[in-house]
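Below: one structure, written as structure tokens.
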Amino acid sequence: MTPIHKHLKLFLSTIIFLLFHVFAYSQTETFLPLKQDTGKVAFTKVILDGRVYFRNENTNQFITYSEYLLLRDAGLVEQSEVDNHMVYDSFADHWEGDKVNPYKDVVLSTPFKIQFDQTTFTHPIDGEIKVTSRFGRRRRRPHRGIDIDLVTGDAVRSVLSGKVRFVGYSRGHGKTVVVRHANEIETVYAHLSEYAVNTDDIISEGQIIGKGGNTGRSTGSHLHLEVRYKGVCIHPEYVFNFDGSNSIRGAELWVSNGWKSPRSHSAYRKSKVTPLFTEEEAIASEKAEPRFHRVRSGETLSHIAMRYHLGVREICRLNAISQNSTLSIGQIVKVR
Ligand SMILES: [Zn+2]
Numbered sequence: 168m169t170p171i172h173k174h175l176k177l178f179l180s181t182i183i184f185l186l187f188h189v190f191a192y193s194q195t196e197t198f199l200p201l202k203q204d205t206g207k208v209a210f211t212k213v214i215l216d217g218r219v220y221f222r223n224e225n226t227n228q229f230i231t232y233s234e235y236l237l238l239r240d241a242g243l244v245e246q247s248e249v250d251n252h253m254v255y256d257s258f259a260d261h262w263e264g265d266k267v268n269p270y271k272d273v274v275l276s277t278p279f280k281i282q283f284d285q286t287t288f289t290h291p292i293d294g295e296i297k298v299t300s301r302f303g304r305r306r307r308r309p310h311r312g313i314d315i316d317l318v319t320g321d322a323v324r325s326v327l328s329g330k331v332r333f334v335g336y337s338r339g340h341g342k343t344v345v346v347r348h349a350n351e352i353e354t355v356y357a358h359l360s361e362y363a364v365n366t367d368d369i370i371s372e373g374q375i376i377g378k379g380g381n382t383g384r385s386t387g388s389h390l391h392l393e394v395r396y397k398g399v400c401i402h403p404e405y406v407f408n409f410d411g412s413n414s415i416r417g418a419e420l421w422v423s424n425g426w427k428s429p430r431s432h433s434a435y436r437k438s439k440v441t442p443l444f445t446e447e448e449a450i451a452s453e454k455a456e457p458r459f460h461r462v463r464s465g466e467t468l469s470h471i472a473m474r475y476h477l478g479v480r481e482i483c484r485l486n487a488i489s490q491n492s493t494l495s496i497g498q499i500v501k502v503r
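Structure representation (structure tokens):
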């Protein structure tokens, strides 16, 4: 190679090197403005009448907190750092796709408050709701949901919008779908014959989550519907009105011990619902509610009396039994 050729080669490679970098730089320059146009929408958090709403900065439309969370989970929200701190992520805490109840480590004391940002819900089945068994004592087992009559293959719908947390078979519940809603209420749909959703699906209110059936511990096709808050089953009829009005009983409802205890209700009778709208009402209601104790092996009347700071005589009066009566394991004793 001659020196001229050497110089020419160096000159050409320098030109190529420079051209490449100018091109690459211009590419990043032209891509930068595009990068900001992600198709996402920015929202501003606003409080109206004490409730949280989100304003679409392009259209000025207001959406509810649940709608905001669903849009955000679908990746459609331009998130600011402020939002990340201000918005509690109800779809992250105890988000486990392999358990019907991921909240076994949580102890929730009563009364507790649940909140709704809408006043109506969609019935889980089409047509009239026929409740065949209610939340309450059913023979010796507690029944922690309500049974709604249906024909195998009937569509089962999510009562509110939300995100599917669990889809799978559980021994008692059979084929089950659990949907978490933005207010951290979870609804459980059991004894299904088919699933129509997958874990982590974002679903709208009324969306079909599966077909009704008779799987699991079930005699005859029906939907077993549970309403849970952080793993605690709440009397579904305390929250949702199944009288045809499709109404939710309150924007803020206080759940007293009685509305989470099957012991306080009968699965064969409709309980009278008086919604508790304030903490004071809930505390007062709890004081008036009867309390029960399930007898364990080796326990006597005096053990139970001591535990609840009562006299043996008082327990006997509450339960209309004599002081000499023997207790059987599993027996329910009224202690207030
Ligand atoms: Zn049931």
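My numbering numbers the first residue of the sequence shown as 168 and each following residue consecutively.
Backbone N, C-alpha and C define an ideal beta-carbon position, used for all residues, glycine too.
If you reduce the DSSP assignment to three classes, tell me which class residue i lands in.
i	result
D240	helix
P309	strand
K212	strand
K437	coil
V326	coil
S371	coil
V502	coil
G339	coil
N486	helix
G377	strand
R474	helix
V318	coil
E263	coil
K397	coil
N424	helix
L390	strand
L468	helix
In or out: residue i buried (at least 16 other Cβ within 10 Å) or exposed?
i	result
H348	buried
R118	The first residue shown for the chain is 168 and the last is 503, placing residue 118 beyond what the model contains.
Y405	buried
L237	buried
K202	Reliability of the predicted coordinates at K202 is poor, the pLDDT of 37 falling under 50, and no value is obtained from them.
A449	buried
S428	buried
Y211	What sits at residue 211 in the sequence shown is Thr, not Tyr. Burial call: exposed.
T354	buried
L443	buried
V213	exposed
Inspect the beta-carbon positions of residue i and residue j and report whether they are closer than 8 Å.
i	j	result
P403	I292	no
L390	I315	yes
S328	S233	yes
I477	K397	Correcting the residue type first, residue 477 is Leu in the shown sequence and not Ile. Their beta carbons are not under 8 Å apart, which means L477 does not touch K397 by this criterion.
F283	A434	no
G373	S325	yes
E351	S257	yes
T277	S438	no
S337	V399	no
R430	I499	yes
Can you give me the C-alpha to C-alpha distance between residue i and residue j, rounded to a whole angstrom?
i	j	result
G320	S360	7 Å
T286	N408	11 Å
K207	I230	15 Å
E456	Y235	38 Å
Y270	D410	31 Å
F302	T441	16 Å
R308	S300	13 Å
M473	N365	50 Å
G294	N381	19 Å
L494	A487	13 Å
I370	E466	49 Å
D368	R305	34 Å
E219	H310	Reading off the sequence shown, one finds Val at residue 219, where the question assumed Glu. Approximately 35 Å, taken between the alpha carbons.
L199	G425	Low confidence applies to L199: its pLDDT is 39, below 50, so where it sits in the model is not reliable, and the reading given next is rough at best. Each residue's alpha carbon lies about 59 Å from the other.
G296	S412	According to the sequence displayed, residue 296 carries Ile and not Gly. About 11 Å.
R436	Q246	49 Å
Y356	G335	11 Å
For residue i, collect the residues of the same chain with a Cβ closer than 6 Å to its Cβ; drop the 5 residues on either side in sequence, then sort them by chain order.
i	result
V502	R458, H460, Y475
R332	V345, R347
G377	V323, V344, L359, E361, Y362, A363
G383	G339, H340, G341, H358
D272	none
Apart from the five residues just before and just after residue i, which ones in its own chain have a Cβ nearer than 8 Å to its Cβ?
i	result
G379	I292, L317, V318, T319, G320, D321, A322, V323, H358, L359, S360, S388, H389, L390
Q490	L468, V479, R480, C483
E446	P278, K280, W421
G242	K207
R416	Y405, V406, F407, N408, V440, P442
T289	R324, S325, V326, L327, E372, G373, N413
N225	V208, A209
Residues in its own chain within less than 7 Å of residue i by CB, not counting five upstream and five downstream?
i	result
S414	T286, T287, N408
D240	F258, K330, I369
S464	I496
Taking 8 Å as the threshold (beta carbon to beta carbon), is residue i in contact with chain C?
i	result
V323	The structure shown contains no chain C; it is built from a single protein chain.
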